[in-house]
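Read through the structure below, which is laid out as structure tokens, and then see the notes.
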Amino acid sequence: MMDLTDSLLFRLNFDQLDSSSSAAGSDGLEVKCNGMRARNSTLLCVPIMAETVDQMVIDMGEAKAVGADLVEIRLDCLKVFDHNQDLKRLVKECPLPTLFSYRPIWEGGQYDGDEKTRLDALRLAIELGADYVDVELQVAREFFDSINGKKPETLKVIVSSHNFQDTPSVEALGNLVARIQASGADIVKIATTSLDITDVAHTFQITVHSQVRIVPFIGLVLGERGLISRILSAKFGGYLTYGTLESGIVSAPPQPTVKDLLHLYNFRQIGPDTKVFGVISKPVSHSKSPKLYNEVFNSVGFNGVYAHLLVDDIAKFFQTYSCMDFAGFSVGIPHKEAAVKCCDEVDPVAKSIGAINCIIRRPTDGKLYGFNTDYVGAISAIEEGLKGSPNAGSVTGSPLAGRLFVVIGAGGASKALAYGAKQKGARILIANRTYDRARELADTVGGDAVSLADLGNIPPEDGMILANTTSIGMQPNVGDTPLSKHALKYYSLVFDAIYTPKMTRLLKEAEECGVTIVSGLEMFIGQAYEQFEKFTGLPAPKKLFRKVMENHS
């Protein structure tokens, strides 16, 4: 676990990097030119992992076409490999600079032959004109001894270490960097495994230290919790990062695709002063927030990047990432309630709800300020849906007034919707798998409670509203639904907070019953307007928001 000393060190190191940005364009840091952000110099590398040389040649051409800077040719993936003939062809026909690796099983690769044959192949790649080779720390000294006096000036040798168990402390990583440097490495590469997203901060600290020491450094943290190590490598001065040609074909999971790095995360424009935003949730990969915010950030010229943040312990996350540039966060399941305790200040409405879905780090003092924009987006979408429904009536004020509003769930989103509906004059019924939690929320907002198992047995009444705020029916469990189709016919409107998929089983079956439906996408867009404005200080371009979400739905 990262302690307070580590957190302070991370903040100080980042500030040191940031303060040097104006004069360090050649070292991978960002420079300013007439108000425009300059392209960073962190390289984008595509692993080529085909089983045949023919396919590798094709993939190398595709890598160039999509915008990669170099390719890593993974020789251990080849099913048949003629060293002399195949290496000549791979070097000759590659349209990009080449990085050759021949990863053995003991370092996470596929090669299980003898070491001499393996290292001979890398030496031959050097002779034939490779731009880089990657050798493992365990054999680095032997390898350097064997090429003594024969190393071309243009060749860069990457010495790498892979840890598939965990991410060591900052001190241990620093010692490892020193060992790799002492081996004769031109470039240091360390890959570790994330047990918690705060592990990535260790790698960021080492990357910053390496910039100060003028040591080219590649730092990767494997696992879904380590995804930001790849996206933010340019912010902290990493030598290169990796992106795949296709989703799912990776040399070390999780790797984003080159297209995502370039066009979703706007990788070329990320620099030391880029503000970091993200969605904190578990699970989180289903969220479309990065697609929405990054495209809008880029369109309006805002220097920010937004990422998926798989967080287990939200308090630990904020303790670790205390740097001012970690500037704003959307908060999802299951952290909406726990996040309240992490904030220095909480908006009065969010405090009344007892849950937040948005946190900003105030630029004036670095304090965390929590808000709840869930209820605004959801309630507005439901009211709009009711206005167009057959049972809308002609009541002035909110169409929710006087109706029975049934909320499935008892978490943070449930609290937000129950609070919002109560404010509009609705009567609240909370349904949850655990009755005690339903009762607790009902008492808080002034409503009634029922177990989810008994929800289908409540007496029907005209104009009822159903709002599902649980993850039941969310990808990948799209066949699940919180309530039987038979019971849905008694409702005037059914709302599902889930937006992946847009049309859940609950909504499909409600529509088949002739009930008005409202997708969670409407709630998502509605709450996103306010979050964007809090993140950026700019007015939300609402038409652009809708266009982006329509393109990605």
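Taking full-length UniProt numbering, the leading residue of the sequence shown gets 1, the next gets one more, and so forth.
Yeah, the Cβ is synthetic: ideal placement off N, Cα and C, and Gly gets one too.
Asp-199: member of the alpha helix (DSSP H) spanning 199-212, first to last residue. Membership of Val-311 in any beta strand (DSSP E) is not indicated, and neither H nor E is assigned to it by DSSP. Taken through DSSP and simplified to helix, strand or coil, Phe-236 comes out as coil.
Annotation: the region 109-197 contains the following complete segments of the alpha helix (DSSP H) (minimum length 4 residues), in chain order: 115-127, 137-146 and 170-182. Collapsing the DSSP output to three states places Asn-468 in a strand. Measuring C-alpha to C-alpha distances from Val-300 to each of Asn-551, Pro-541 and Asn-40 identifies Pro-541 as the nearest.
Of the residues Val-284, Phe-535 and Ile-48, the one whose Cα lies closest to the Cα of Leu-96 is Ile-48. The beta carbons of Ala-191 and Ser-210 sit about 15 Å from each other, so the pair does not count as a contact at 8 Å. Separation of the CB atoms of Leu-87 and Leu-119 is rounded to 13 Å, and the pair is thereby denied contact status at 8 Å. Bounds of any beta strand (DSSP E) do not take in Asn-372, whose DSSP letter is neither H nor E. If you compare the alpha carbons of Ala-426, Asp-454 and Leu-227 with that of Pro-290, the shortest gap goes to Leu-227.
The residue from Asp-273, His-308, Ile-270 and Val-212 with its alpha-carbon nearest to that of Ile-280 is His-308. In the DSSP annotation of this structure, the continuous segment of the alpha helix (DSSP H) that includes Ile-58 starts and ends at 53-66. In this structure, Val-340 places its C-beta atom within 8 Å of the C-beta atom of Gly-354. Per DSSP, Thr-516 is one residue of the beta strand (DSSP E) stretching across 516-518. In the structure shown, Asp-496 falls within a strand segment according to DSSP collapsed to helix, strand and coil.
Runs of the beta strand (DSSP E) lying entirely within the region 405-449, each at least 3 residues long, are 427-432 in chain order.
Straight-line measurement puts the Cα of Ile-126 at about 7 Å from the Cα of Val-133. Contact check for Cys-94 against Asp-69 fails: the beta carbons are separated by 8 Å or more. Comparing alpha-carbon positions, the option among Gln-138, Val-66 and Glu-51 lying closest to Asp-76 turns out to be Glu-51. Taking the CA atoms as reference points, Ala-510 sits about 28 Å from Gly-446.
In the displayed model, Glu-550 falls within a helix according to three-state DSSP. Comparing alpha-carbon positions, the option among Asn-303, Leu-488 and Asn-468 lying closest to Ala-416 turns out to be Asn-468. By alpha-carbon distance to Cys-343, the top candidate from Gly-366, Pro-334 and Pro-539 is Gly-366. Less than 8 Å separates the beta-carbon of Thr-167 from that of Val-221.
Out of Glu-224, Leu-292, Val-208 and Thr-244, the CA that lies nearest to the CA of Gly-271 is found in Val-208. Boundaries cannot be given for Leu-262, as no beta strand (DSSP E) includes it and DSSP labels it neither H nor E. Ranked by Cα distance from Leu-99, the options His-83, Val-71, Lys-116 and Gln-531 are led by Val-71. For Thr-241, the secondary structure class from DSSP, reduced to helix, strand or coil, is strand. Our two residues, Lys-275 and Glu-383, have alpha carbons roughly 35 Å apart in a direct line. Phe-297: member of the alpha helix (DSSP H) spanning 289-300, first to last residue.
By the Cβ neighbour-count rule, Arg-225 is buried, with 16 or more other Cβ atoms within 10 Å of its own. With respect to the 8 Å criterion, Tyr-102 and Leu-122 are classified as neighbours on the basis of their beta carbons. Beta-bridge partners of Arg-74 (DSSP): Ser-101.
The continuous alpha helix (DSSP H) containing Ile-228 extends over residues 228-231. Using a 10 angstroms sphere on the CB of Asn-457, the tally of other CB atoms stays under 16, which defines it as exposed.
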